[in-house]
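*Asks:*
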Amino acid sequence: MRPSDATWAIQTTQTGPDRPDGERQRVRSLIAIPTYNERENIAELIAQVLANAPTTDLLIIDDNSPDGTGQVVDELAAKDGRIHALHRPGKLGLGTAYVAGFRYAIAHGYDFVFEMDADFSHDPSYLPRFFAAAQNSDLVIGSRYIAGGGTPNWSPLRRFISGGGNRFARTMLGIPIHDCTGGYRCFRVSALRTLNLDAISAQGYAFQVELAYNFWKSGFRWVETPIIFEDRRVGKSKMSRKIFIEAFVWVVRTRFTGDKAVRRPPALPASASAPADAASAASARTNSAPR
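The opening position of the sequence shown corresponds to residue 0 in numbering that gives the first Met the number 0, with each subsequent residue numbered one higher.
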């Protein structure tokens, strides 16, 4: 399943009671993409992201890739002001990379920030759907485990591990989100500001579970929209046994040691939301934690 073409007006502008004359306000969005040895993918990925999301900015967070990924990004950034690079001294982990991206989005005044993989497992053509769904949500999750989503190229073992891990997290934590471990997401920055990012310590799958859990426990609005998750085209997978073990340990520890402190989000102004288009509403599964 692939999303239909969507207008960018809903992403790039907002209107509200504070703008009775119909004046439109630009909405600024950032897509954060961590990289480590993704030289073979990054240039084409950036091109496809910008083709599908022409008004957004990109932040490539490179962990000093030995293959020169960072240099490729610098060359592209010198030619296109929408591309930004954050160079880190070494391989510091996926979770810390995304937290760095969140901090960058907060510091630079963005309204929305994305998580996205660099290996084409997250199809850039879904971006218009994410942007539309985000107008009435604080968190949009690209879900492999709702109607319309899937993992067609996975082995039975990988499906069992991933699907079983999500069911385990849902059961242990009582969280209603179907794809707790998925990493294709869009966050409202005003919601991220209310979380204690310093307290988020997990990496890999555990990072995604921890973040989704804290958003849900905080009472934020969230939505799952279906995606087809493809295997990487080129390069080496970063998956490991350590990542699965960390996620298992985090879920069990959280279940039996109690909830982490979370903050309830402040009320959003009326102008912060705009109606999503009909296609997005039909394709997305929306829920909110009880207040």
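Even glycine gets a Cβ: it sits at the ideal position worked out from N, Cα and C.
Beta strand (DSSP E) containing residue 45: first to last residue?
*Replies:* Run containing residue 45: none in the beta strand (DSSP E); it sits in the alpha helix (DSSP H), 38 to 51.
*Asks:* Leaving out the 5 sequence neighbours to the left and right, which residues in its chain are closer than 7 Å to residue 27 when beta-carbon positions are compared?
*Replies:* The residues are 108, 109, 110.
*Asks:* Exposed or buried, which one is residue 206 when buried takes at least 16 other CB atoms within 10 Å?
*Replies:* With 16 or more Cβ atoms within 10 Å of its Cβ, residue 206 is classed as buried.
*Asks:* What are the boundary residues of the beta strand (DSSP E) that residue 224 is part of?
*Replies:* It spans 220 to 225 - the beta strand (DSSP E) in which residue 224 sits, taken as one unbroken run.
*Asks:* Consult DSSP for residue 160 and reduce its assignment to one of helix, strand or coil.
*Replies:* Looking at residue 160 - three-state DSSP - the assignment turns out to be helix.
*Asks:* Indicate whether residue 58 and residue 100 have their beta-carbon atoms separated by less than 8 Å.
*Replies:* The answer is yes: Cβ separation under 8 Å.
*Asks:* For residue 94, which residues from the same chain have a beta carbon less than 6 Å from its beta carbon, with the 5 sequence-adjacent residues on both sides left out?
*Replies:* Hits under 6 Å: 201, 202, 206.
*Asks:* Mapping DSSP to helix, strand and coil, what is residue 176?
*Replies:* Three-state DSSP puts residue 176 in coil, outside helix and strand.
*Asks:* Roughly how many angstroms separate the alpha carbons of residue 175 and residue 74, rounded to a whole number?
*Replies:* Taking the straight line joining both Cα atoms gives about 43 Å.
*Asks:* Roughly how many angstroms separate the alpha carbons of residue 129 and residue 188, rounded to a whole number?
*Replies:* Their backbone Cα atoms lie some 15 Å apart in a straight line.
*Asks:* Which of the three DSSP states, helix, strand or coil, is assigned to residue 137?
*Replies:* Looking at residue 137 - three-state DSSP - the assignment turns out to be coil, as it is neither helix nor strand.
*Asks:* With a Cβ-Cβ cutoff of 8 Å, do residue 131 and residue 179 count as a contact?
*Replies:* No, they are not a contact pair.
*Asks:* Just the C-alpha distance for residue 173 and residue 164, rounded to the nearest angstrom, thanks.
*Replies:* Computed Cα separation, rounded: 14 Å.
*Asks:* To the nearest angstrom, how far is the alpha carbon of residue 181 from that of residue 87?
*Replies:* In a straight line, the C-alpha of residue 181 is about 24 Å away from that of residue 87.
*Asks:* Look at the Cβ atom of residue 230, then the Cβ atom of residue 152, and state whether they are nearer than 8 Å.
*Replies:* Yes. Within cutoff.
*Asks:* In angstroms, rounded to a whole number, what distance separates the CA positions of residue 169 and residue 221?
*Replies:* Rounded to the nearest angstrom, the two C-alpha atoms are 15 Å apart.
*Asks:* Which same chain residues, not among the five before or five after residue 159, have their C-beta less than 7 Å away from its C-beta?
*Replies:* Excluding sequence neighbours, residue 159 sits near nothing in its chain.
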